[in-house]
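*Asks:* Each residue of the sequence shown is one higher than the one before, counting from 4 in my numbering.
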Amino acid sequence: MTESRTTDVDVVIVGAGFAGMYELVRMRRAGFSAIVLETADDVGGTWYWNRYPGARCDILSVDYSYSWDPELQQEWTWSERYAAQPEILRYAQFVADKHDLRRDIRFNTRVASAVWNDDTHRWTIHTDTGDDLSCRYYIMATGCLSMPKVPDIEGTDRFTGEVYFTSTWPHDGVDFTGKRVAVIGTGSSAVQSIPLIAAEADQLTVFQRTPNFSIPARNGPISDERLAPFLADPGAYRDEARRSAAGVPRETPMEGALMVSDEERTARYEAMWEAGELLGITGTFSDTMFDAESNDTLRDFIHGKIRSIVNDPEVADALCPTNHYVGTKRACLDTNYYETYNLPHVRLVDLRKDPISTITETGIDTTNESFEFDAIVFATGFDAMTGAIVGVDITGRNGLTLKEKWADGPVTYLGLMTSGFPNLFMITGPGSPSVLSNMMVSIEQHVDWIADALVHVRERDLDTIEPTELAETRWVQHSNEFADMTLMPTANSWYMGVNVPGKPQVFLPYPGGVGRYRATCDEVVERDYLGFVLDGASGRTVNDGIIRELKPDVQVMLETMAEMELPPIETMGVDGARAFMDASGAMMPPGPDVGEIVDGTLPGADGSTLEYRLYRPATDGPHPIAVYFHGGGWVLGSATSDDPLCRYLCVNSNSIVVSVNYRHAPEARFPAAADDGLAAATWIADHAVELGGIPGQVAVAGWSAGANVAAVTAQQAKLAGGPSIAGQVLLCPVTDGTAKRASYLDNAEGLGLTASLMDWFWDHYCDPADRADPKASPLLADDLSGLPPALVVTCQFDPLRDEGDAYAAALAGAGVPVQHLQCPGQTHTAIPAVDAMVTSEYARAAMADALRSFSGAGVTSGV
Ligand code: FAD
Ligand code: NAP
């Protein structure tokens, strides 16, 4: 019996894989005392435990390696594109030797529990060796794929033959020669090991529940061409990896799979198949992970390959995944995987047709058959992302345990920390890019961020750091919104926790990409640790806040625009701005098909000819009519410039939409547009029957300056005693040219519509002296009573938000029935982008519903 010891250190790190090893280096460099605790008897983590035949990385080794030691990059040369487990383990050991890491690592030590003491501001860590440690900071470097899934097959304990788990493979290897072997599972571990087990075993039977997508790894020495960019400038290469989507420098595809010809698409998929790189699979086209139809083209291509390799059509069929989209479960790289099923002694059992009923003393029984085996290999995966973290009994402030807190799924801020557990950090925790990336890049970024945070806390004479509940709740929401834009949540994957019975089903990693995530973490720091509470001797700072409020698709759109480094529209001149608007409109998805489109003209207020485009539903008429006024600041746009939104409103409200090209400034300044609005509405009301509409059911609608025209039209129609307007749908309306409210100043730049562009529009349209006229600023009308019912839609990140909100409030105050839809996280330009911006779909649906309701047809979906 040895006596238990308590050791006091600044930092305890749990886990001596690549994360824990680098964290130790950073702690030492920063001058913290640190100890690493590790269950295994050496470093390496994943590469210590997973020693099954064929185990190797599936990210090229040149990428899947540390970047923090420039010397190491020169000293170590990988023998293959994808190094095998022994080589990766040797690499980890080499690093441990080089940096003398083992002296601060306690091996053969499992952390059983950790308890926060709110008086001392320290963690007490209990280990299975009986030793306790007291530390200020507690860092879980316990790995995302380190807790093997507990077998969930009846009778597992009964089998008297040899039992192996790929995740804890015997160190001295296994000889399957002459044996009848079963492999359960067909994930990455199985796909790698099956060909090699088949090469030895007398018989191999693979039990497959879900087939996986796999492409040939084409392993071997890396080509000079592939290595060249790294050798040319390792620093620049690593930087690119850090800013990339998945932690590997790759060109971002701009085209969707359906945007190219069938021949071109097949050619690109063939090139991907030949290249043998994991990220190439879903990285050939821009929309593979977002669009089911696009993904189906990839699925069909891979199915074709499987069928061309596997001789028996029935086996080939069983190996073709059909119940999930490519990439929604982690895809695989293989060496002769599909070919293995052509060997006479290899058999595939399709558990979807014939499920396992029990494991017996001598083998496996399925519903229809009994199998006898000498050995069973469980390649059944992991309790991923959270298993190893809640595998330690962690008790935070006020006795709350992490298991309790995460009962419905993990809640973290940036995947790094969770509130109620001060000074507890997770490396590649749930809510960070982690398993969706080259993990070496993600590990290094987290380690660096944590190290910098601890130095920050120390330098300010503080001793605790902890996220706020608001910050973490909204981070989880942001991450989920990103996931919901993709096909990822549709699969029964371990990303969703579905593989472990009883585990809450939530999307675990952050799907927004490595580069974007890094920028977010950096911004948190730049904004003085936004979303964190820092506490200690020098005082307590609560910097509560939300780091990402924009909806993810809006954020991506703005990033794309920013990358284009376009000059401000107002510097392009009127003709240039019009050409730009036409060109950018042409790049948007077209919107749905309508029954009929008719182009025509109608008389404007001054007798001039105004073009219109009429969108008719495919249903039998007559229909209610919406007179639609396009956006574009009274200067830009046309009858067809809001085409996708008009189509959408037509189809979803079952109304005729007539989009009118009112006269534009500067050629026709105020009040031309306003007057044309009334003239057009009057003419359309008068010609409702000819147009196929229902007389008396004419509403007005518009976006931005077009919403201004619509609102003014409703007011002028009231004053003029006609036409009768059934309702008004005002999307981001301009309502007051005389005041600059807070939203005008807060959202002045970088969000699509800028304050200076809005000023440019006003200056072209209307003299300052005229702006108080309600025909320019409908909010300033003396009397808003008696106006038709309205839906006013405003967006959080729009300079025009507050004047739109004010108009909704003023209408309501005047007794007008108003629905006011305030859209969080949306910008001025997001909602008209039909099929491009999915997070604003509800707002478009509300607009269509409002048009229906004006015509008495009722609302079909909630707002
Ligand atoms: P790990 O390597 O998992 O190390 C965690 C360590 O913590 C383990 O050694 C474990 O024993 C220890 N530990 C856990 N709990 C406790 C406790 N309570 N007490 C004490 N010690 C504890 N990622 C890629 O990016 N590319 C790849 O090609 C790739 N291939 C993979 C292949 C396999 C077979 C597997 C399983 C994963 C693969 N991964 C890959 C993911 C891989 O896990 C990471 O790349 C990386 O190795 C994780 O390093 P880590 O230090 O974070 O965690
Ligand atoms: P996995 O992908 O989760 O695969 C587990 C397999 O076991 C699945 O086919 C699963 O079927 C099956 N399974 C689980 N429980 C079962 C049951 N009760 N009955 C029948 N089948 C059952 O696990 P993994 O292969 O170990 O890989 C996990 C992750 O580690 C990978 O996704 C990857 O990120 C990483 N990894 C990488 C490599 C590499 O190439 N570098 C190699 C290995 C692992 P269902 O799909 O139906 O659940």
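Ideal Cβ positions, reconstructed from N, Cα and C, are used throughout, including at glycine.
Name the two residues that bound the continuous beta strand (DSSP E) containing phenylalanine 428.
*Replies:* Start and end: 427-429.
*Asks:* Pick from Thr123, Glu280, Asp762, Arg355: whose alpha carbon is nearest that of leucine 209?
*Replies:* Leucine is not the amino acid found at residue 209; the sequence shown has valine there. The residue with the shortest Cα to Cα distance from valine 209 is Arg355.
*Asks:* Just to confirm, are glycine 695 and isoleucine 659 a CB contact at a threshold of 8 Å?
*Replies:* In contact: glycine 695 and isoleucine 659 (Cβ atoms closer than 8 Å).
*Asks:* Quick test of your reading: alanine 144 and valine 17, contact by CB under 8 Å. State the CB separation rounded to the nearest angstrom.
*Replies:* Going by Cβ atoms, the distance from alanine 144 to valine 17 rounds to 6 Å, so yes, they are a contact pair.
*Asks:* Please go through the segment 667-704 and give each complete alpha helix (DSSP H) segment of 4 or more residues, from N-terminal end onward.
*Replies:* If we require 4 residues or more, the alpha helix (DSSP H) runs fully inside the segment 667-704 come out as 675-689, 691-694.
*Asks:* Short check: CB of alanine 204 to CB of isoleucine 367, under 8 Å?
*Replies:* Contact: no.
*Asks:* Could you tell me which residues DSSP puts in a beta bridge with aspartate 870?
*Replies:* Lying outside 4 to 866, the shown extent of the chain, residue 870 is not represented and no answer is given.
*Asks:* Go to histidine 129, then tell me how far its beta strand (DSSP E) extends in each direction, as first and last residue.
*Replies:* Its beta strand (DSSP E) spans residues 125-130.
*Asks:* Examine the Cβ distances between the segment 442-460 and the segment 24-41 and report whether three or more of them are shorter than 8 Å.
*Replies:* Result yes; three or more Cβ-Cβ pairs closer than 8 Å.
*Asks:* Anyone know if the C-beta pair for cysteine 147 and serine 437 falls short of 8 Å?
*Replies:* Going by C-beta atoms, cysteine 147 is nearer than 8 Å to serine 437.
*Asks:* Would you please state the rounded distance, in angstroms, between the beta carbons of alanine 702 and glycine 680? I believe it to be under 8 Å.
*Replies:* Not confirmed; about 13 Å, so no contact.
*Asks:* For tryptophan 52, report the span of its alpha helix (DSSP H) as first-last.
*Replies:* That run of the alpha helix (DSSP H) goes 49-52.
*Asks:* Run the CB neighbour count on glycine 861, radius 10 Å, all protein chains shown included, and call it buried at 16 or more, exposed below.
*Replies:* The pLDDT assigned to glycine 861 is 40, lower than 50, so where the model puts this residue is not dependable; a value taken from the coordinates is nonetheless given after this. With fewer than 16 other Cβ atoms within 10 Å, it is exposed.
*Asks:* Whose CA, out of Met488, Glu529, Ser496, Gly57, lies closest to the CA of threonine 291?
*Replies:* Measuring from the Cα of threonine 291, the nearest candidate turns out to be Met488.
*Asks:* Using a threshold of 7 Å, is the CB atom of asparagine 53 nearer than that to any non-hydrogen atom of the ligand FAD?
*Replies:* Checking every heavy atom of the ligand FAD against the Cβ of asparagine 53, one is found closer than 7 Å.
*Asks:* Which residue's Cα is closest to the Cα of asparagine 111: Thr331, Asp337, Ala19, Leu561?
*Replies:* It is Ala19 whose Cα lies nearest to the Cα of asparagine 111.
*Asks:* I need the DSSP call for valine 14, collapsed to helix, strand or coil.
*Replies:* Valine 14 falls in the strand class under three-state DSSP.
*Asks:* Asparagine 441: buried (16+ other C-beta within 10 angstroms of its C-beta) or exposed?
*Replies:* Classification of asparagine 441: buried, given that the 10 Å Cβ count is 16 or more.
*Asks:* Look up proline 570 in the DSSP assignment and say whether it is helix, strand or coil.
*Replies:* Looking at proline 570 - three-state DSSP - the assignment turns out to be coil, as it is neither helix nor strand.
*Asks:* Buried or exposed: which applies to threonine 797, given that a residue is buried once 16 or more other Cβ atoms fall within 10 Å of its Cβ?
*Replies:* Buried is the call here.
*Asks:* Taking the alpha helix (DSSP H) that glutamate 41 belongs to, which residues open and close that run?
*Replies:* It is not in any alpha helix (DSSP H) - glutamate 41 carries neither H nor E in the DSSP assignment.
*Asks:* State the beta-bridge partners of proline 219 as determined by DSSP.
*Replies:* Beta-bridge pairing links proline 219 to Asp337.
*Asks:* For tryptophan 71, name the three-state secondary structure that DSSP assigns.
*Replies:* It is coil, neither helix nor strand.
*Asks:* Can we count cysteine 138 as close to the ligand FAD, meaning its CB is less than 7 Å from some heavy atom?
*Replies:* Checking the Cβ of cysteine 138 against the ligand FAD gives no.
*Asks:* Beta carbon of tryptophan 497: closer than 7 Å to some heavy atom of the ligand NAP?
*Replies:* Tryptophan 497: yes, Cβ under 7 Å from the ligand NAP.
*Asks:* Measuring alpha carbon to alpha carbon, tell me which of Lys721, Asp45, Asp466 ends up nearest serine 788.
*Replies:* Nearest C-alpha to serine 788: Lys721.
*Asks:* Sort out for me which residues DSSP pairs methionine 24 with in a bridge.
*Replies:* Bridge partners of methionine 24: none, in fact.
*Asks:* Looking at the structure shown, is arginine 581 part of a helix, part of a strand, or coil, going by DSSP?
*Replies:* It is helical.
*Asks:* Measure the Cβ-Cβ separation of threonine 467 and histidine 124 and say whether it is below 8 Å.
*Replies:* In this structure, histidine 124 lies closer than 8 Å to threonine 467 by Cβ.
*Asks:* Under 7 Å Cβ to Cβ from serine 54, same chain only, skipping five residues before and after it: list those, please.
*Replies:* The residue asked about is misnamed: residue 54 is arginine in this sequence, not serine. Answer for arginine 54: Gln88, Trp172, His174, listed in chain order.
*Asks:* Can you have a look at proline 736 and say buried or exposed, based on whether 16 or more other CB atoms are within 10 angstroms of its CB?
*Replies:* So proline 736 counts as buried.
*Asks:* Determine the extent of the alpha helix (DSSP H) in which leucine 652 is found, giving its start and end residues.
*Replies:* Here the alpha helix (DSSP H) through leucine 652 covers 646-656.
*Asks:* Checking the sheet assignment: what are the DSSP bridge partners for aspartate 353?
*Replies:* In DSSP, aspartate 353 forms a bridge with Gln211.
*Asks:* What alpha helix (DSSP H) runs, 4 residues minimum, are completely inside the segment 385-468?
*Replies:* The qualifying runs are 390-393, 405-408, 442-462.
*Asks:* Beta strand (DSSP E) containing methionine 143: first to last residue?
*Replies:* That run of the beta strand (DSSP E) goes 135-143.
*Asks:* Once DSSP output is grouped into helix, strand and coil, what is the label at glutamate 614?
*Replies:* Glutamate 614: strand per DSSP, three-state reduction.
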